[in-house]
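Asker: The structure under discussion is supplied below as structure tokens; questions concerning it will follow.
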Amino acid sequence: MKLSFDMEALRAAIELMPPDKLGQFNLQYTPTNIDPIDIELGEGKVVELKDVDTDSGLLSYKGRQVLLYIQDVGTSVTAALNNPEKSGPKYHVADCAKLKGMRTQGLFERYVVTNDVSGEFLITGTHYIDGRDVEGKAKLKVCKSCIRALNYQGYGTGDRACKESVFENFDMARFFATYSSFFPHMPKRKAEDTRKEFTDDWGKLSAKYKVEHKYCCEQCGVDLNRHKLHYHVHHINGVKHDNTLTNLIGVCSDCLSKERTAKEAYIMHDVRQLIATLRREQGLTNDLDCWDDVFEMTDPAVHGVLHHCQKAQVKMPEPGYDVQNANHEIVSMLELAWPRRKFGIGIASRDIALANENGWYAISVHEFLSDAKKAFTCIG
């Protein structure tokens, strides 16, 4: 398909800001270098369970968040394709009790790991009557033990209605975005996913909106005037050509990732920590009134911890807390902290280690979720 570009607006901008020296501009396409492992994971890669890293409680392969499932289901393949919800294998997103049990028993089945968030999985096998090869794609369901272990969206601590809602509405893109802080590499979008549905004047309209709202997040209130890259104008209903003002909201990167219709907002940990620092410096985390406020001000990767704390009715933590050394220098940030107890929860292993070196007792999200009762004794 031939594309045409109207360069008049660009030329007009150049005339307003004449450069000292004219440069050269071309639209020649330069292919982006994609790591082969990202291509493999997008298509699905056969591995053994021992090759998957589970240190964080999540599943990781070469620094990428992944899910895993058994692709070859033998003679059950026909039933799985006909009724995947009932007869299909469940896919795993965490180091759940079932996976731990298999490792303990020395059962290392061959799994397929992938970071494809489409929800469709290739399953294979043989026909139960004539033995012919059968394969097809099926919409499988997530393992309940996995989301219980993570207390994802409060699944582990919620009532029956909560559990049913979380399970039935589970979305892989949303799940990956929730835990993006744990991983140095983000899932790569497929080419067709990058096609935007914005109107032609979206660039001008969104720029005007940002200026009018002074780069202040309309959700948490953080001022991003000095970090404008992390301020976004979002379509509330997810329809990118609906530019009515009531459908627009200006949000920081962290709040964007929590928007219901922004499922693939993968935010790096350093960006979330920057926003947490700004919120604290601007006094936005002082005297939070309720648990909803704490959820709003924290990395979604620690929300499973917060759901536990809320149900246990412990003292609310301070979000994005800076740990200082004896010279009052900031050495670490903990996502959740109880300063009077010098206890906190961190995501980055370096932050946890430095906090512990400076008189704190800091643990990981995985450690908390593995023994919440023990953690509660530290909170008091």
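Note that our numbering numbers the sequence shown so that position 116 is 1170, with each residue one more than the last. Every residue gets a Cβ at the ideal spot worked out from N, C-alpha and C, and that includes glycine.
Round the Cβ separation of residue 1138 and residue 1192 to the nearest angstrom and send it over; I've been treating them as touching at under 8 Å.
Answerer: Here residue 1138 corresponds to residue number 84 of the sequence shown, with the count starting at 1. Here residue 1192 corresponds to residue number 138 of the sequence shown, with the count starting at 1. 4 Å between Cβ atoms; contact.
Asker: Can you list, in chain order, the residues of its chain with a C-beta nearer than 7 Å to that of residue 1365? Leave out the 5 residues immediately preceding and following it.
Answerer: As a position in the sequence shown, residue 1365 is number 311, starting the count at 1. So the list reads 1211, once near-sequence residues are dropped.
Asker: Residue 1386 and residue 1236 - do their beta-carbons sit closer together than 8 Å?
Answerer: Numbered from 1 along the sequence shown, position 182 holds the residue referred to as residue 1236. Numbered from 1 along the sequence shown, position 332 holds the residue referred to as residue 1386. Not closer than 8 Å, so no.
Asker: When the Cα of residue 1118 is compared with those of 1352, 1134 and 1091, which residue comes out closest?
Answerer: Taking the sequence shown and counting its residues from 1, the one referred to as residue 1118 is at position 64. Of the candidates 1352, 1134 and 1091, the one whose C-alpha sits nearest the C-alpha of residue 1118 is 1091.
Asker: Would you check if the distance between the CB atom of residue 1431 and the CB atom of residue 1390 is smaller than 8 Å?
Answerer: Indexing the sequence shown from 1 puts residue 1431 at position 377. Indexing the sequence shown from 1 puts residue 1390 at position 336. No, the Cβ-Cβ distance between residue 1431 and residue 1390 is not below 8 Å.
Asker: DSSP three-state call for residue 1180: helix, strand or coil?
Answerer: Taking the sequence shown and counting its residues from 1, one reaches residue 1180 at position 126. Three-state result, residue 1180: strand.
Asker: Could you check whether residue 1336 and residue 1377 sit closer than 8 Å to each other, using their CB atoms as the reference points?
Answerer: Locating residue 1377 in the sequence shown gives position 323, where the first residue counts as 1. Locating residue 1336 in the sequence shown gives position 282, where the first residue counts as 1. Taking 8 Å as the Cβ cut-off, residue 1377 and residue 1336 do not qualify as a contacting pair.
Asker: Could you tell me the distance, in whole angstroms, from the CA atom of residue 1348 to the CA atom of residue 1234?
Answerer: Position 294 of the sequence shown, counted from the first residue, corresponds to residue 1348. Position 180 of the sequence shown, counted from the first residue, corresponds to residue 1234. Each residue's Cα considered, the two are about 19 Å apart.
Asker: Look at the Cβ atom of residue 1279, then the Cβ atom of residue 1263, and state whether they are nearer than 8 Å.
Answerer: Against the sequence shown, residue 1279 aligns to sequence position 225. Against the sequence shown, residue 1263 aligns to sequence position 209. No.
Asker: Following the continuous beta strand (DSSP E) through residue 1398, name the residue where it begins and the one where it ends.
Answerer: Numbered from its first residue, the sequence shown carries residue 1398 at position 344. 1397-1400 is the span of the beta strand (DSSP E), which, as asked, contains residue 1398.
Asker: Does the distance from the CB of residue 1095 to the CB of residue 1165 come in under 8 Å?
Answerer: Your numbering for residue 1095 matches position 41 in the sequence shown. Your numbering for residue 1165 matches position 111 in the sequence shown. It is not a contact, given that the beta carbons lie outside the stated cut-off.
Asker: Give me whichever residues DSSP pairs with residue 1145 in a beta bridge.
Answerer: Along the sequence shown, read from residue 1 onward, the residue named residue 1145 stands at position 91. Residue 1145 pairs with 1196.
Asker: Would the beta-carbon of residue 1150 fall within 8 Å of that of residue 1199?
Answerer: If you number the sequence shown from 1, residue 1150 lands on position 96. If you number the sequence shown from 1, residue 1199 lands on position 145. Contact flag set, yes.
Asker: Anyone know if the C-beta pair for residue 1306 and residue 1289 falls short of 8 Å?
Answerer: Sequence index remark: in the sequence shown, residue 1306 carries index 252 (1-based). Sequence index remark: in the sequence shown, residue 1289 carries index 235 (1-based). Contact: no.
Asker: Which word fits residue 1204, buried or exposed, when buried means at least 16 other C-beta atoms lie within 10 angstroms of its C-beta?
Answerer: Within the sequence shown, the letter at position 150 stands for residue 1204. It is buried - the Cβ of residue 1204 has at least 16 other Cβ atoms within 10 Å.
Asker: Hey, quick one: how far does the alpha helix (DSSP H) through residue 1261 stretch, first residue to last?
Answerer: Translated into the one-based positions of the sequence shown, residue 1261 becomes position 207. Unbroken alpha helix (DSSP H) run through residue 1261: 1256-1266.
Asker: Considering only C-alpha positions, which residue in the set 1309, 1320 and 1363 is nearest to residue 1350?
Answerer: For the purposes of this step, residue 1350 is taken as residue 296 along the sequence shown, with counting starting at 1. Here the closest residue by C-alpha is 1309.
Asker: Can you tell me whether residue 1167 is buried or exposed? The criterion is at least 16 other CB atoms within 10 Å of its CB, across all chains shown.
Answerer: Mapped onto the sequence shown, residue 1167 falls at position 113. Under this definition residue 1167 is a buried residue.
Asker: Residue 1303 lies in the alpha helix (DSSP H); which residues open and close that run?
Answerer: Walking along the sequence shown from the start, residue 1303 turns up at place 249. Per DSSP, residue 1303 belongs to no alpha helix (DSSP H); it is in the beta strand (DSSP E), 1302-1306.
Asker: On a CA-only basis, which of 1201, 1388 and 1106 is nearest residue 1361? Give me that one, please.
Answerer: Position 307 of the sequence shown holds residue 1361. For residue 1361, the nearest C-alpha among the options comes from 1201.
Asker: DSSP beta-bridge partners for residue 1175?
Answerer: One-based indexing of the sequence shown puts residue 1175 at position 121. Answer is 1192, bridged to residue 1175.
Asker: Would you decide whether residue 1169 is buried or exposed? Buried here means 16 or more other CB atoms lie within 10 Å of its CB.
Answerer: Here the question's residue 1169 lines up with position 115 in the sequence shown. Looking at its Cβ environment, which holds 16 or more other Cβ atoms inside 10 Å, residue 1169 is buried.
Asker: Per DSSP, what are the beta-bridge partners of residue 1386 in this structure?
Answerer: For the purposes of this step, residue 1386 is taken as residue 332 along the sequence shown, with counting starting at 1. According to DSSP, which records beta bridges pairwise, residue 1386 is partnered with 1377.
Asker: Hey, would you say residue 1206 sits closer than 8 Å to residue 1220, going by beta carbons?
Answerer: Locating residue 1206 in the sequence shown gives position 152, where the first residue counts as 1. Locating residue 1220 in the sequence shown gives position 166, where the first residue counts as 1. Against a cut-off of 8 Å, the Cβ pair of residue 1220 and residue 1206 comes out as a contact.
Asker: Can you list the beta strand (DSSP E) stretches of 3 or more residues lying completely in the region 1282-1343, in chain order?
Answerer: Those beta strand (DSSP E) runs which fall completely within the region 1282-1343 and span 3+ residues are 1285-1289 and 1302-1306.
Asker: Given a cut-off of 8 Å, decide if residue 1177 and residue 1101 are closer than it, judged by their beta-carbon atoms.
Answerer: Along the sequence shown, one-based indexing puts residue 1101 at 47. Along the sequence shown, one-based indexing puts residue 1177 at 123. Contact: no.
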